[in-house]
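In what follows, a single structure is set out as structure tokens and then discussed.
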Amino acid sequence: MIPTIGSNGRARVCRILLASVLVGCATQKQVRVDFSETTRDYLPKEYPAVYRRWTRHDYAEHDVDKAIEVWATFESWDFREAYIERYASVYSLSDADRTTLRQAQRDAYHQAYEFHVIAQSADYTWNDLDKSSSAWRVTLVDALGHEIPSDRIHVEKLPDAYERDFFPDKTPFSKSYRIRFTMPTGGVEFSGVKSGSITLRIASPIGRVDLLWQS
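In terms of this note's numbering, the sequence shown opens at residue -9 and continues consecutively.
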């Protein structure tokens, strides 16, 4: 006799199968990246491909809910080069303004590791990375296991038209954050991109997400 499954059992099986499918969708092939400051001659239309190369996506589950789902873009020099060209094209910048933008982007890149992070949760109260009372701890880990905490996380209030073009993973249910890690000084053991990889870690008692960029 073939055993039957009651309605509660069938519902549980469906949830398990759905979770398995979602895990498969969330697991992305890791694309190798170039952390160098080599000059690139990007065209504005190449920005979407560069954005995808530097964006990582994953989520953590709590029971059957998504504790947090994250799309994180590491603003490497490669990414910034493509961003400059796209931004200058969209807003028809003069050569002088393009030069100013490029210098500002280079200065920012040399001062800190910066990430544009889009996050959403099954329970909106869990999506509070910017709050000092948040259960989430956000750190950056190098290939040697050295870890530094974020020194600034704030919610980005950006125009919808801008986000649709530059950060298209934004949804009506998500928040946009800027997460910053100042370049360590004073003998802090952290090699960052020089170690060959960095991992953005978002962890709490209800889940953890590790997002990896590797050369």
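A virtual CB, placed ideally from N, CA and C, is assigned to each residue, including glycine.
These numbers were taken from a predicted model, which means no experiment stands behind them.
Beta-carbon spacing of residue i, residue j below 8 Å
i    : j    : result
E59  : Q93  : no
V80  : D155 : yes
W203 : V23  : yes
Q101 : T172 : yes
W67  : Y99  : yes
I143 : V131 : no
Euclidean distance between Cα positions of residue i and residue j
i    : j    : result
S124 : R42  : 29 Å
Y73  : F157 : 11 Å
S84  : R76  : 13 Å
T63  : F69  : 9 Å
D141 : D150 : 27 Å
R86  : Y114 : Residue identity differs from the one stated: residue 86 is Ala in this sequence, not Arg. When rounded, the distance between both Cα atoms is 43 Å.
E36  : E71  : 11 Å
T29  : L91  : 15 Å
P162 : L148 : 13 Å
R170 : P38  : 23 Å
S122 : H106 : 19 Å
W116 : W126 : 9 Å
K184 : L134 : 10 Å
Residue i - DSSP class collapsed to helix/strand/coil
i    : result
H100 : helix
P149 : coil
E65  : coil
S82  : coil
S185 : helix
E36  : helix
R191 : strand
I238 : What is shown of the chain runs -9 to 205, which leaves residue 238 out entirely.
I196 : coil
Sequence-distant residues of its chain with Cβ nearer than 6 Å to residue i (five each side left out)
i    : result
E146 : S166, R168
K56  : Y49, A112
V21  : R43
D118 : S124
R191 : T129, V131, D200
T189 : V131, D200, L202
R88  : A78
Nearest-angstrom Cβ-Cβ length linking residue i and residue j, presumed shorter than 8 Å
i    : j    : result
H52  : G197 : 5 Å
S205 : G182 : At roughly 12 Å, the Cβ-Cβ gap does not stay under 8 Å, so S205 and G182 are not in contact.
E65  : E104 : 5 Å
Y108 : S194 : The residue you asked about is not Tyr; residue 108 is Ile in the sequence shown. Between S194 and I108 the Cβ distance is about 18 Å, and since that is not below 8 Å, they are no contact.
Cβ-based neighbour list, residue i, same chain, cut-off 7 Å, excluding 5 preceding and 5 following
i    : result
A16  : Because the pLDDT at A16 is just 44, under 50, the model does not fix this residue reliably, and the value given afterwards should be weighed accordingly. Cβ neighbours of A16 beyond the five flanking positions: H47, D48, Y49.
P174 : I138, F180
Distance cut-off 7 Å: residue i Cβ against heavy atoms of the ligand GDP
i    : result
E137 : As presented, the structure is devoid of all ligands, the ligand GDP included, so that no description of it is given.
Own chain partners of residue i with C-beta closer than 8 Å, once the 5 adjacent residues on each side are dropped
i    : result
L33  : E75
E153 : K160, S166
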